[in-house]
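Asks: Residue 2 is where the sequence shown starts when you use my numbering, and the numbers rise one by one after that.
Sharing a structure with you now.
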Amino acid sequence: MTTTQPATAHITIVRQKPLMTMRQILLMNFGFFGIQYSFGMQQTAVNPIYSFLGASPEDLPLLNLAGPVTGLLIQPIIGALSDRTWSPRWGRRKPYFLIGAIGCSICLFLFPFVAAIWTAVLLLWILDASNNTAMEPYRAFIADKLPPSQLAKGFLAQSFFTGFGITLANISLFVFQNLITGATSAGIPYWVVGSFMLGAVCSIGTVLVSILTTPEIPPSEEELAALRARKGGFIAALREIWDAIAEMPGELRKLALVYLFQWYAMVCYWQYVSLSIAESVYGVGPDDPRYADAVSWTGLVNGWYNIVTFCVAFPLVALARRRGAKWVHIFCLLCAAVGLVVFANLTNQYLLFIPIIGLGIAWASIMGVPYIMAVRMIPSTRYGVYMGIINMMIVIPMLIQTLTFGWIYENVLGADPTNAIMFAGILLAVAALTMTWIKEPPIVRDVDDVMQMPAGAH
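Okay, here's the thing in C-alpha coordinates:
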(Lines of atoms letter the chains of each structure in order from A and count residues from 1; the text may use other names and numbers.)
(Lines give C-alpha, C1' and ligand atoms only; values in the text may rest on other atoms or scores of the structure.)
Protein backbone atom coordinates (compact mmCIF):
# COMPACT_ATOMS: atom_id res chain seq x y z
CA MET A 1 0.00 0.00 0.00
CA THR A 2 1.23 3.48 -0.80
CA THR A 3 0.02 6.88 0.36
CA THR A 4 -0.08 10.32 -1.14
CA GLN A 5 0.00 13.75 0.47
CA PRO A 6 2.05 12.57 3.48
CA ALA A 7 2.29 16.05 4.92
CA THR A 8 -1.41 16.24 5.74
CA ALA A 9 -3.25 14.73 8.67
CA HIS A 10 -5.89 13.21 6.45
CA ILE A 11 -4.54 11.37 3.44
CA THR A 12 -5.82 9.59 0.40
CA ILE A 13 -4.85 5.94 0.55
CA VAL A 14 -4.23 4.49 -2.89
CA ARG A 15 -4.73 0.73 -2.60
CA GLN A 16 -5.34 -2.10 -4.96
CA LYS A 17 -9.05 -2.78 -5.24
CA PRO A 18 -10.22 -5.47 -7.63
CA LEU A 19 -12.41 -4.27 -10.47
CA MET A 20 -16.01 -5.39 -10.03
CA THR A 21 -18.21 -6.93 -12.70
CA MET A 22 -21.40 -5.15 -13.71
CA ARG A 23 -23.44 -7.77 -11.85
CA GLN A 24 -21.47 -7.14 -8.66
CA ILE A 25 -21.91 -3.37 -8.98
CA LEU A 26 -25.67 -3.77 -9.45
CA LEU A 27 -26.01 -6.13 -6.47
CA MET A 28 -23.96 -3.75 -4.33
CA ASN A 29 -26.31 -0.88 -5.23
CA PHE A 30 -29.55 -2.87 -5.10
CA GLY A 31 -30.32 -1.70 -1.57
CA PHE A 32 -30.50 1.84 -2.93
CA PHE A 33 -33.65 0.73 -4.77
CA GLY A 34 -35.52 0.13 -1.50
CA ILE A 35 -34.22 3.30 0.12
CA GLN A 36 -35.31 5.33 -2.91
CA TYR A 37 -38.75 3.69 -2.98
CA SER A 38 -39.17 5.20 0.47
CA PHE A 39 -37.98 8.56 -0.85
CA GLY A 40 -40.39 8.25 -3.78
CA MET A 41 -43.32 7.83 -1.40
CA GLN A 42 -42.20 10.98 0.40
CA GLN A 43 -42.04 12.85 -2.92
CA THR A 44 -45.45 11.82 -4.21
CA ALA A 45 -47.67 10.55 -1.39
CA VAL A 46 -46.77 12.37 1.83
CA ASN A 47 -47.89 15.85 0.75
CA PRO A 48 -51.20 14.52 -0.64
CA ILE A 49 -51.71 12.75 2.71
CA TYR A 50 -51.26 16.13 4.40
CA SER A 51 -53.86 17.53 1.99
CA PHE A 52 -56.26 14.64 2.66
CA LEU A 53 -55.88 15.44 6.37
CA GLY A 54 -56.80 19.11 5.78
CA ALA A 55 -53.43 20.91 5.55
CA SER A 56 -53.36 24.15 3.53
CA PRO A 57 -50.91 24.48 0.59
CA GLU A 58 -48.92 27.32 2.17
CA ASP A 59 -48.21 25.10 5.20
CA LEU A 60 -46.60 22.30 3.16
CA PRO A 61 -43.01 23.63 3.41
CA LEU A 62 -43.16 23.76 7.23
CA LEU A 63 -44.80 20.34 7.42
CA ASN A 64 -41.82 19.00 5.46
CA LEU A 65 -39.27 20.43 7.89
CA ALA A 66 -38.29 16.90 8.96
CA GLY A 67 -36.27 16.17 5.82
CA PRO A 68 -33.79 19.03 5.95
CA VAL A 69 -33.40 19.05 9.74
CA THR A 70 -32.77 15.32 10.13
CA GLY A 71 -30.44 15.34 7.11
CA LEU A 72 -28.50 18.27 8.54
CA LEU A 73 -28.05 16.64 11.94
CA ILE A 74 -27.88 12.92 11.22
CA GLN A 75 -25.94 12.33 8.00
CA PRO A 76 -22.69 14.12 8.93
CA ILE A 77 -22.66 12.45 12.36
CA ILE A 78 -23.38 9.00 10.90
CA GLY A 79 -20.71 9.62 8.27
CA ALA A 80 -18.07 10.56 10.84
CA LEU A 81 -19.02 7.59 13.06
CA SER A 82 -18.89 5.15 10.13
CA ASP A 83 -15.38 6.40 9.27
CA ARG A 84 -14.39 5.34 12.80
CA THR A 85 -16.18 1.98 12.73
CA TRP A 86 -14.88 -1.48 11.94
CA SER A 87 -16.30 -4.83 13.03
CA PRO A 88 -14.97 -8.10 11.59
CA ARG A 89 -18.53 -9.43 11.68
CA TRP A 90 -20.64 -6.40 10.69
CA GLY A 91 -18.21 -4.25 8.72
CA ARG A 92 -17.95 -0.47 8.58
CA ARG A 93 -20.92 0.96 6.68
CA LYS A 94 -23.38 -1.96 6.67
CA PRO A 95 -24.64 -1.63 10.27
CA TYR A 96 -25.80 1.91 9.60
CA PHE A 97 -27.74 1.36 6.39
CA LEU A 98 -29.28 -1.85 7.82
CA ILE A 99 -30.59 0.05 10.86
CA GLY A 100 -31.84 2.81 8.58
CA ALA A 101 -33.65 0.34 6.31
CA ILE A 102 -35.41 -1.30 9.27
CA GLY A 103 -36.58 2.12 10.47
CA CYS A 104 -37.85 3.00 6.98
CA SER A 105 -39.84 -0.24 6.73
CA ILE A 106 -41.55 0.32 10.09
CA CYS A 107 -42.47 3.92 9.26
CA LEU A 108 -43.75 3.08 5.78
CA PHE A 109 -45.95 0.38 7.29
CA LEU A 110 -47.46 2.79 9.85
CA PHE A 111 -47.66 6.01 7.79
CA PRO A 112 -50.95 5.50 5.87
CA PHE A 113 -52.83 4.72 9.09
CA VAL A 114 -52.36 8.20 10.58
CA ALA A 115 -55.52 10.03 11.54
CA ALA A 116 -54.19 13.52 12.29
CA ILE A 117 -51.61 15.89 10.85
CA TRP A 118 -49.44 15.79 13.99
CA THR A 119 -49.05 12.00 13.80
CA ALA A 120 -48.14 12.24 10.11
CA VAL A 121 -45.51 14.86 10.95
CA LEU A 122 -44.06 12.69 13.74
CA LEU A 123 -43.80 9.65 11.49
CA LEU A 124 -42.22 11.74 8.74
CA TRP A 125 -39.50 12.83 11.20
CA ILE A 126 -38.74 9.21 12.08
CA LEU A 127 -38.89 8.13 8.42
CA ASP A 128 -36.49 10.88 7.38
CA ALA A 129 -34.13 10.06 10.24
CA SER A 130 -34.08 6.44 9.09
CA ASN A 131 -33.55 7.40 5.44
CA ASN A 132 -30.65 9.64 6.38
CA THR A 133 -29.08 6.95 8.55
CA ALA A 134 -29.07 4.61 5.56
CA MET A 135 -28.23 7.05 2.75
CA GLU A 136 -24.82 8.48 3.67
CA PRO A 137 -23.02 5.23 4.61
CA TYR A 138 -24.33 3.73 1.36
CA ARG A 139 -22.59 6.40 -0.72
CA ALA A 140 -19.37 5.97 1.29
CA PHE A 141 -19.71 2.19 0.81
CA ILE A 142 -19.51 2.67 -2.97
CA ALA A 143 -16.43 4.87 -2.66
CA ASP A 144 -14.83 2.29 -0.33
CA LYS A 145 -15.39 -0.64 -2.67
CA LEU A 146 -14.65 0.70 -6.14
CA PRO A 147 -11.35 1.75 -7.72
CA PRO A 148 -11.29 5.26 -9.23
CA SER A 149 -11.80 3.88 -12.72
CA GLN A 150 -15.22 2.48 -11.72
CA LEU A 151 -16.50 5.21 -9.40
CA ALA A 152 -18.55 6.87 -12.14
CA LYS A 153 -20.26 3.57 -12.92
CA GLY A 154 -20.88 2.95 -9.22
CA PHE A 155 -22.47 6.31 -8.48
CA LEU A 156 -24.55 6.30 -11.65
CA ALA A 157 -25.72 2.78 -10.76
CA GLN A 158 -27.17 4.51 -7.70
CA SER A 159 -28.89 6.94 -10.07
CA PHE A 160 -30.26 3.93 -11.96
CA PHE A 161 -31.76 2.43 -8.80
CA THR A 162 -32.93 5.86 -7.67
CA GLY A 163 -34.99 6.11 -10.83
CA PHE A 164 -36.14 2.50 -10.59
CA GLY A 165 -37.19 2.75 -6.93
CA ILE A 166 -39.02 6.05 -7.30
CA THR A 167 -40.64 4.80 -10.51
CA LEU A 168 -42.10 1.78 -8.75
CA ALA A 169 -43.31 3.99 -5.89
CA ASN A 170 -45.12 6.32 -8.26
CA ILE A 171 -46.52 3.70 -10.63
CA SER A 172 -47.77 1.64 -7.68
CA LEU A 173 -50.02 4.56 -6.72
CA PHE A 174 -51.64 4.56 -10.16
CA VAL A 175 -51.97 0.76 -10.36
CA PHE A 176 -53.36 0.32 -6.86
CA GLN A 177 -55.89 3.11 -7.44
CA ASN A 178 -57.45 0.94 -10.15
CA LEU A 179 -57.33 -2.22 -8.03
CA ILE A 180 -58.17 -1.11 -4.49
CA THR A 181 -61.21 0.83 -3.28
CA GLY A 182 -62.22 2.38 0.02
CA ALA A 183 -60.45 4.63 2.50
CA THR A 184 -59.35 4.79 6.12
CA SER A 185 -61.41 6.64 8.72
CA ALA A 186 -59.12 9.66 8.16
CA GLY A 187 -59.96 9.70 4.44
CA ILE A 188 -56.69 8.25 3.15
CA PRO A 189 -57.47 5.92 0.21
CA TYR A 190 -56.57 2.24 0.62
CA TRP A 191 -54.66 2.36 -2.68
CA VAL A 192 -52.22 4.74 -0.96
CA VAL A 193 -52.00 2.24 1.91
CA GLY A 194 -51.09 -0.51 -0.57
CA SER A 195 -48.18 1.51 -1.99
CA PHE A 196 -46.78 2.12 1.49
CA MET A 197 -47.01 -1.58 2.34
CA LEU A 198 -45.05 -2.50 -0.79
CA GLY A 199 -42.44 0.07 0.18
CA ALA A 200 -42.07 -1.44 3.65
CA VAL A 201 -41.15 -4.79 2.06
CA CYS A 202 -38.82 -3.29 -0.56
CA SER A 203 -36.91 -1.15 1.92
CA ILE A 204 -35.59 -3.96 4.09
CA GLY A 205 -35.58 -6.69 1.43
CA THR A 206 -33.31 -4.96 -1.08
CA VAL A 207 -30.85 -3.78 1.56
CA LEU A 208 -30.53 -7.35 2.86
CA VAL A 209 -29.70 -8.54 -0.68
CA SER A 210 -26.83 -6.02 -0.91
CA ILE A 211 -25.54 -6.82 2.58
CA LEU A 212 -25.52 -10.57 1.98
CA THR A 213 -23.93 -10.44 -1.49
CA THR A 214 -21.32 -7.67 -1.10
CA PRO A 215 -18.56 -7.98 1.51
CA GLU A 216 -16.77 -4.87 2.69
CA ILE A 217 -13.03 -4.53 2.11
CA PRO A 218 -11.31 -5.12 5.47
CA PRO A 219 -8.90 -2.40 6.56
CA SER A 220 -5.16 -3.01 6.41
CA GLU A 221 -3.06 -3.08 9.56
CA GLU A 222 -2.12 0.53 8.87
CA GLU A 223 -5.77 1.58 8.59
CA LEU A 224 -6.73 -0.39 11.70
CA ALA A 225 -4.01 1.37 13.67
CA ALA A 226 -5.31 4.71 12.42
CA LEU A 227 -8.87 3.77 13.43
CA ARG A 228 -7.77 2.79 16.94
CA ALA A 229 -5.86 6.04 17.26
CA ARG A 230 -8.99 8.06 16.53
CA LYS A 231 -10.44 7.86 20.01
CA GLY A 232 -13.69 9.37 21.12
CA GLY A 233 -17.32 8.92 20.18
CA PHE A 234 -20.06 11.46 19.54
CA ILE A 235 -18.11 14.56 20.61
CA ALA A 236 -15.08 13.52 18.60
CA ALA A 237 -17.34 12.96 15.57
CA LEU A 238 -18.74 16.49 15.92
CA ARG A 239 -15.22 17.86 16.14
CA GLU A 240 -14.25 15.96 13.02
CA ILE A 241 -17.25 17.37 11.13
CA TRP A 242 -16.20 20.89 12.09
CA ASP A 243 -12.59 20.26 11.03
CA ALA A 244 -13.70 18.79 7.71
CA ILE A 245 -15.90 21.83 6.98
CA ALA A 246 -13.02 24.17 7.82
CA GLU A 247 -10.67 22.20 5.54
CA MET A 248 -13.19 21.74 2.73
CA PRO A 249 -11.59 22.05 -0.73
CA GLY A 250 -12.44 25.25 -2.57
CA GLU A 251 -14.11 23.52 -5.52
CA LEU A 252 -16.37 21.62 -3.13
CA ARG A 253 -17.46 24.95 -1.63
CA LYS A 254 -18.39 26.12 -5.13
CA LEU A 255 -20.39 22.93 -5.62
CA ALA A 256 -22.37 23.90 -2.51
CA LEU A 257 -23.64 26.98 -4.35
CA VAL A 258 -24.85 24.81 -7.23
CA TYR A 259 -26.60 22.58 -4.70
CA LEU A 260 -28.33 25.59 -3.14
CA PHE A 261 -30.22 26.36 -6.34
CA GLN A 262 -30.80 22.82 -7.65
CA TRP A 263 -32.14 21.36 -4.40
CA TYR A 264 -34.30 24.39 -3.55
CA ALA A 265 -35.83 23.89 -7.00
CA MET A 266 -36.38 20.15 -6.60
CA VAL A 267 -38.23 20.60 -3.30
CA CYS A 268 -40.49 23.23 -4.86
CA TYR A 269 -41.35 20.75 -7.61
CA TRP A 270 -42.08 17.85 -5.26
CA GLN A 271 -44.25 19.93 -2.95
CA TYR A 272 -46.38 21.60 -5.61
CA VAL A 273 -46.51 19.31 -8.64
CA SER A 274 -49.75 17.57 -7.64
CA LEU A 275 -51.39 20.94 -6.90
CA SER A 276 -50.10 22.30 -10.22
CA ILE A 277 -51.52 19.37 -12.20
CA ALA A 278 -54.80 19.63 -10.30
CA GLU A 279 -55.09 23.30 -11.26
CA SER A 280 -53.76 23.30 -14.84
CA VAL A 281 -55.22 19.98 -16.05
CA TYR A 282 -58.23 19.24 -13.84
CA GLY A 283 -59.17 22.79 -12.84
CA VAL A 284 -59.64 21.83 -9.18
CA GLY A 285 -58.07 22.49 -5.78
CA PRO A 286 -57.11 20.11 -2.95
CA ASP A 287 -60.62 20.22 -1.47
CA ASP A 288 -62.24 18.82 -4.63
CA PRO A 289 -62.87 15.03 -4.90
CA ARG A 290 -61.07 15.05 -8.28
CA TYR A 291 -57.85 16.04 -6.52
CA ALA A 292 -57.34 12.29 -5.93
CA ASP A 293 -57.21 11.86 -9.72
CA ALA A 294 -54.55 14.58 -9.91
CA VAL A 295 -52.51 12.80 -7.23
CA SER A 296 -52.76 9.53 -9.16
CA TRP A 297 -51.71 11.22 -12.41
CA THR A 298 -48.84 12.91 -10.58
CA GLY A 299 -47.66 9.43 -9.65
CA LEU A 300 -47.58 8.50 -13.34
CA VAL A 301 -45.75 11.70 -14.30
CA ASN A 302 -43.17 11.23 -11.56
CA GLY A 303 -42.89 7.57 -12.44
CA TRP A 304 -42.20 8.50 -16.07
CA TYR A 305 -39.43 10.96 -15.27
CA ASN A 306 -37.81 8.34 -13.07
CA ILE A 307 -38.04 5.81 -15.91
CA VAL A 308 -36.08 8.36 -17.92
CA THR A 309 -33.63 8.60 -15.01
CA PHE A 310 -32.74 4.90 -14.94
CA CYS A 311 -32.65 4.77 -18.76
CA VAL A 312 -30.07 7.56 -19.06
CA ALA A 313 -28.01 6.84 -15.91
CA PHE A 314 -25.47 4.52 -17.53
CA PRO A 315 -25.15 6.48 -20.81
CA LEU A 316 -24.20 9.46 -18.64
CA VAL A 317 -21.16 7.46 -17.47
CA ALA A 318 -19.70 7.38 -20.98
CA LEU A 319 -20.75 10.97 -21.66
CA ALA A 320 -19.09 12.21 -18.46
CA ARG A 321 -15.91 10.36 -19.41
CA ARG A 322 -15.82 11.94 -22.88
CA ARG A 323 -17.13 15.44 -22.18
CA GLY A 324 -16.41 15.90 -18.48
CA ALA A 325 -18.77 15.57 -15.53
CA LYS A 326 -19.07 19.36 -15.19
CA TRP A 327 -20.47 19.97 -18.68
CA VAL A 328 -22.72 16.93 -18.53
CA HIS A 329 -24.31 18.28 -15.34
CA ILE A 330 -24.77 21.75 -16.85
CA PHE A 331 -26.53 20.28 -19.90
CA CYS A 332 -28.79 18.10 -17.74
CA LEU A 333 -29.81 21.01 -15.49
CA LEU A 334 -30.71 23.12 -18.52
CA CYS A 335 -32.88 20.27 -19.86
CA ALA A 336 -34.84 20.32 -16.60
CA ALA A 337 -35.10 24.11 -16.53
CA VAL A 338 -36.70 24.26 -19.98
CA GLY A 339 -38.86 21.24 -19.25
CA LEU A 340 -40.40 22.63 -16.05
CA VAL A 341 -41.24 26.01 -17.58
CA VAL A 342 -43.09 24.24 -20.40
CA PHE A 343 -44.65 21.69 -18.02
CA ALA A 344 -46.31 24.38 -15.89
CA ASN A 345 -48.13 25.85 -18.90
CA LEU A 346 -49.67 22.67 -20.32
CA THR A 347 -53.33 21.80 -19.88
CA ASN A 348 -53.34 18.39 -21.61
CA GLN A 349 -52.51 15.63 -19.15
CA TYR A 350 -50.81 13.47 -21.78
CA LEU A 351 -48.51 16.22 -23.03
CA LEU A 352 -47.06 16.54 -19.51
CA PHE A 353 -44.94 13.45 -20.19
CA ILE A 354 -42.89 15.24 -22.88
CA PRO A 355 -41.30 18.17 -20.99
CA ILE A 356 -40.84 16.15 -17.80
CA ILE A 357 -38.25 14.08 -19.70
CA GLY A 358 -35.88 16.99 -19.06
CA LEU A 359 -36.34 16.60 -15.30
CA GLY A 360 -35.67 12.87 -15.59
CA ILE A 361 -32.37 13.54 -17.34
CA ALA A 362 -31.39 16.09 -14.70
CA TRP A 363 -32.41 13.81 -11.82
CA ALA A 364 -30.06 11.09 -13.11
CA SER A 365 -27.25 13.62 -13.16
CA ILE A 366 -28.10 15.16 -9.77
CA MET A 367 -27.98 11.76 -8.07
CA GLY A 368 -24.67 10.69 -9.60
CA VAL A 369 -22.56 13.13 -11.58
CA PRO A 370 -21.61 15.61 -8.80
CA TYR A 371 -20.33 12.69 -6.70
CA ILE A 372 -17.97 11.72 -9.53
CA MET A 373 -16.30 15.11 -9.08
CA ALA A 374 -16.60 15.20 -5.30
CA VAL A 375 -14.68 11.97 -4.64
CA ARG A 376 -11.74 13.43 -6.60
CA MET A 377 -11.68 16.40 -4.22
CA ILE A 378 -11.61 14.59 -0.84
CA PRO A 379 -9.20 12.20 0.93
CA SER A 380 -10.33 8.56 0.97
CA THR A 381 -9.90 8.32 4.75
CA ARG A 382 -12.67 10.91 5.13
CA TYR A 383 -15.20 9.62 2.62
CA GLY A 384 -17.82 9.09 5.33
CA VAL A 385 -17.67 12.53 6.93
CA TYR A 386 -17.47 14.34 3.58
CA MET A 387 -20.41 12.39 2.14
CA GLY A 388 -22.31 13.59 5.21
CA ILE A 389 -21.18 17.16 4.58
CA ILE A 390 -22.27 16.88 0.94
CA ASN A 391 -25.67 15.88 2.28
CA MET A 392 -25.61 19.03 4.41
CA MET A 393 -25.19 20.87 1.11
CA ILE A 394 -28.45 19.19 0.06
CA VAL A 395 -30.51 19.66 3.20
CA ILE A 396 -29.52 23.25 4.00
CA PRO A 397 -31.19 24.43 0.75
CA MET A 398 -34.19 22.28 1.71
CA LEU A 399 -34.27 23.96 5.12
CA ILE A 400 -33.99 27.40 3.54
CA GLN A 401 -36.84 26.48 1.18
CA THR A 402 -38.94 25.27 4.10
CA LEU A 403 -38.50 28.54 5.97
CA THR A 404 -38.79 30.95 3.03
CA PHE A 405 -40.95 29.51 0.30
CA GLY A 406 -44.26 29.82 2.12
CA TRP A 407 -43.87 33.61 2.02
CA ILE A 408 -42.61 33.58 -1.58
CA TYR A 409 -45.54 31.37 -2.63
CA GLU A 410 -48.10 33.70 -1.06
CA ASN A 411 -46.60 37.13 -1.82
CA VAL A 412 -44.50 36.71 -4.97
CA LEU A 413 -46.04 33.79 -6.85
CA GLY A 414 -49.66 34.68 -6.10
CA ALA A 415 -50.38 31.38 -4.31
CA ASP A 416 -50.39 29.73 -7.75
CA PRO A 417 -48.82 26.23 -7.84
CA THR A 418 -48.06 26.50 -11.57
CA ASN A 419 -45.93 29.56 -10.80
CA ALA A 420 -44.11 27.48 -8.19
CA ILE A 421 -43.16 24.94 -10.87
CA MET A 422 -41.89 27.67 -13.22
CA PHE A 423 -39.94 29.18 -10.32
CA ALA A 424 -38.26 25.79 -9.85
CA GLY A 425 -37.30 25.75 -13.53
CA ILE A 426 -35.67 29.19 -13.25
CA LEU A 427 -33.66 28.09 -10.22
CA LEU A 428 -32.35 25.03 -12.11
CA ALA A 429 -31.13 27.35 -14.88
CA VAL A 430 -29.32 29.44 -12.25
CA ALA A 431 -27.74 26.23 -10.89
CA ALA A 432 -26.44 25.43 -14.39
CA LEU A 433 -24.94 28.91 -14.62
CA THR A 434 -23.14 28.60 -11.27
CA MET A 435 -21.80 25.19 -12.32
CA THR A 436 -19.62 26.93 -14.93
CA TRP A 437 -17.62 28.45 -12.04
CA ILE A 438 -16.27 25.06 -10.95
CA LYS A 439 -12.93 23.74 -12.17
CA GLU A 440 -13.41 20.00 -12.60
CA PRO A 441 -10.68 17.89 -10.92
CA PRO A 442 -8.70 15.53 -13.15
CA ILE A 443 -9.66 11.85 -13.34
CA VAL A 444 -7.63 9.78 -10.88
CA ARG A 445 -6.29 6.45 -12.18
CA ASP A 446 -4.57 3.97 -9.90
CA VAL A 447 -2.75 0.66 -10.14
CA ASP A 448 -5.85 -1.51 -10.13
CA ASP A 449 -7.11 0.36 -13.18
CA VAL A 450 -4.46 -1.31 -15.33
CA MET A 451 -3.37 -4.35 -13.32
CA GLN A 452 -6.70 -5.94 -12.41
CA MET A 453 -9.49 -7.21 -14.61
CA PRO A 454 -12.85 -8.68 -13.59
CA ALA A 455 -13.06 -12.45 -13.50
CA GLY A 456 -14.05 -13.73 -16.90
CA ALA A 457 -13.21 -10.48 -18.68
CA HIS A 458 -11.59 -10.66 -22.10
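We put the beta carbon where it would ideally sit given N, CA and C, even for glycine.
List the whole-angstrom C-beta distance separating Ile422 from Phe344, where the pair is believed to meet the contact cut-off of C-beta under 8 Å.
Replies: Confirmed, Cβ separation roughly 6 Å.
Asks: Short of 7 Å in beta carbon distance, which residues of its chain neighbour Ala245, apart from the five on each side in sequence? Order them along the chain.
Replies: Around Ala245: Arg383, Val386, Tyr387 and Ile390.
Asks: So what's Ser275 in DSSP terms, helix, strand or just coil?
Replies: Three-state DSSP puts Ser275 in a helix.
Asks: Unbroken beta strand (DSSP E) runs of length 3 or more, entirely within the segment 155 to 180: which are they?
Replies: Listed in chain order, nothing qualifies, since the segment 155 to 180 has no complete beta strand (DSSP E) run of 3 or more residues.
Asks: Since I believe Ile36 is in contact with Cys105 (beta carbons under 8 Å), could you give me their beta-carbon distance rounded to a whole number of angstroms?
Replies: Right, the Cβ-Cβ distance comes to about 7 Å (below 8 Å), so this counts as a contact.
Asks: Could I get the ranges of all uninterrupted alpha helix (DSSP H) runs contained in the segment 346 to 384, with 4 residues as the minimum, in chain order?
Replies: Segments of the alpha helix (DSSP H) lying fully in the segment 346 to 384: 357 to 367 and 370 to 378.
Asks: Below 8 Å, how does it come out for the segment 79 to 90 and the segment 318 to 328: are there three or more Cβ pairs, yes or no?
Replies: No: the two stretches stay apart, fewer than three of their Cβ pairs being nearer than 8 Å.
Asks: At which residues does the alpha helix (DSSP H) containing Arg324 begin and terminate?
Replies: Here the alpha helix (DSSP H) through Arg324 covers Tyr292 to Arg324.
Asks: Beta carbon of Gly166, beta carbon of Ala314: below 8 Å?
Replies: Their beta carbons are not under 8 Å apart, which means Gly166 does not touch Ala314 by this criterion.
Asks: Closest to Ile100 by C-alpha separation, out of Ile79, Phe110, Ala116 and Ala117, would be which residue?
Replies: Closest option to Ile100, Cα to Cα, is Ile79.
Asks: Can the beta-carbon of Gln263 be found closer than 8 Å to that of Ala432?
Replies: Their beta carbons are under 8 Å apart, which means Gln263 touches Ala432 by this criterion.
Asks: Which partner residues does Ala153 have in the DSSP bridge list?
Replies: Ala153 pairs with nothing; no bridge assigned.
Asks: Kindly list the residues whose CB is nearer than 7 Å to the CB of Ile75, restricted to its own chain and excluding five residues on each side of it in sequence; keep chain order.
Replies: Around Ile75: Ala130, Asn133 and Thr134.
Asks: Please give the ranges of any alpha helix (DSSP H) in the segment 67 to 126, keeping only runs that are unbroken, at least 4 residues long and fully inside the region.
Replies: Correct list: 67 to 84 and 95 to 111.
Asks: For the structure I just gave you, are there three or more beta carbon pairs, one from the segment 270 to 284 and one from the segment 341 to 357, closer than 8 Å?
Replies: At 8 Å Cβ cutoff, the stretches touch.
Asks: Taking Thr168 as the reference, give the member of Ile308, Ser277 and Ala201 with the closest Cα.
Replies: Nearest option by C-alpha distance: Ile308.
Asks: Select from Trp328, Val302 and Asp84 the residue whose C-alpha is nearest the C-alpha of Leu239.
Replies: Ranking the options by Cα distance to Leu239, first place goes to Asp84.
Asks: Which residue comes first and which comes last in the alpha helix (DSSP H) that contains Pro487?
Replies: Since the first residue shown for the chain is 2 and the last is 459, residue 487 is missing from the structure and cannot be characterised.
Asks: Can you give the Cα-Cα distance for Tyr351 and Pro290, rounded to whole angstroms?
Replies: Rounded to whole angstroms, Tyr351 to Pro290 spans 21 Å at the Cα level.
Asks: How long is the line joining the alpha carbons of Ala46 and Asn412, rounded to whole angstroms?
Replies: If I take the Cα positions, the gap works out to 27 Å.
Asks: In angstroms, rounded to a whole number, what distance separates the CA positions of Lys440 and Arg254?
Replies: In a straight line, the C-alpha of Lys440 is about 12 Å away from that of Arg254.
Asks: Please classify Ala433: does DSSP put it in a helix, a strand, or coil?
Replies: Here Ala433 sits in helix by DSSP.
Asks: Is the beta carbon of Ser297 closer than 8 Å to that of Leu199?
Replies: Result no, Cβ atoms of Leu199 and Ser297 do not sit closer than 8 Å.
Asks: Evaluate contact between the segment 58 to 74 and the segment 391 to 407, counting only Cβ atoms and requiring at least three cross-stretch pairs below 8 Å.
Replies: Taking 8 Å as the limit for Cβ pairs, the verdict is that the segment 391 to 407 does touch the segment 58 to 74.
Asks: Which of helix, strand or coil does DSSP assign to Val190?
Replies: The identity of residue 190 in the sequence shown is Pro, whereas the question assumes Val. It is a strand residue.
Asks: Could you give the first and the last residue of the continuous alpha helix (DSSP H) run that contains Ser39?
Replies: Met23 to Met42 is the extent of the alpha helix (DSSP H) around Ser39.
Asks: In the DSSP output, what is Ala184 paired with across the bridge?
Replies: According to DSSP, Ala184 bridges with Pro190.
Asks: Mapping DSSP to helix, strand and coil, what is Asn65?
Replies: Of the three classes helix, strand and coil, the one that applies to Asn65 here is coil, per DSSP.
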